[in-house]
Amino acid sequence: MFTLTPEETTAILLSLKVACVAMAGSLPFGIGVAWLLARRDFPGKALVDALVHLPLILPPVVTGYALLLLFGRKGLLGAWLGDHLGIVLAFRWTGAALACAVMGFPLLVRAIRLSIEGIDTRLEKAAGTLGAAPLMVFLTVTLPLMLPGILAGMVLSFARAFGEFGATITFVSNIPGETQTLPTAIYVFTQVPGGDAQALRLTLIAVAIAASALIVSEILARRVAKQVRG
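Under full-length UniProt numbering, think of the first position of the sequence shown as 1, with each following residue one higher.
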């Protein structure tokens, strides 16, 4: 029951790889967008906010198809990337990471934005009056205070990427060893006779990984919050 086949092991490792790359790659952009939405007013802010959160309300298949139109081999951006930079995303694990990053980005931004909005701006103003440059204020005051939100956003983004199915299978298909992640592998096993045991095994592993990520995040967030209050 708990002996993994090489195919299952590959799917699990690929899911972890894709989720980590998706989370790490979107983190700098998530921090920047969250700070911009939390601290700046500009024309079109509502539109930017809507675009950021759009993947939350769109069917994942629609998001995957949009990525295919943009980054496919003949897409608006995909053709240019392939011809000039040799970068191919469609039907590659890197494309799966991109799809997962897009799906997890709203959760990442939301968690970080709420953390920024909870920071007392008087602390930042006090640092500025003491002569600290805006970048130094952000690095020494804002960033440490928003760390719990960053950790929460990272976990939410990782969990969303780890469980992503619709956008991934639409954009990069389900190629064993290349784009077959844990969710797509579970789907395949539920469709073949005698695959129930494998589907159940991978489901239990997915639950264990997701629960472990949440527990570790909670522990880290409490420690960081305690240090910040200290």
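Idealized CB from N, CA, C, for every residue including glycine.
As assigned by DSSP and simplified to three states, the class of residue i
| i | result |
| --- | --- |
| L138 | At residue 138 the sequence reads Phe, which differs from the Leu that was named. Three-state DSSP puts F138 in a helix. |
| T5 | coil |
| A213 | helix |
| D83 | helix |
| D41 | coil |
| G78 | helix |
| A132 | coil |
| E218 | helix |
| A46 | helix |
| A90 | coil |
| P55 | helix |
| G194 | coil |
| I31 | helix |
| G25 | helix |
| T203 | helix |
| T179 | coil |
Alpha helix (DSSP H) segment containing residue i, residue limits
| i | result |
| --- | --- |
| F171 | 166-172 |
| I150 | 147-162 |
| F71 | 60-71 |
| Q191 | 182-191 |
| K125 | 121-129 |
| A97 | 93-117 |
Close Cβ partners of residue i (< 6 Å) along its chain, the five nearest in sequence each way excluded
| i | result |
| --- | --- |
| L68 | F171 |
| A19 | F158, A161, F162 |
| G95 | L89, F171, V172 |
| I169 | T184 |
| V21 | A97 |
| G195 | F189 |
Close Cβ partners of residue i (< 8 Å) along its chain, the five nearest in sequence each way excluded
| i | result |
| --- | --- |
| L202 | E8, A11, I12, L182, A185, I186, F189 |
| L76 | L69, L70 |
| V52 | V33, L37, F105, P106, V109 |
| E117 | A38 |
| I175 | F91 |
7 Å Cβ shell around residue i - same chain, five flanking residues per side excluded
| i | result |
| --- | --- |
| V155 | A213, L214, S217 |
| A152 | A111, S217, A221 |
| V141 | L123, E124, A127 |
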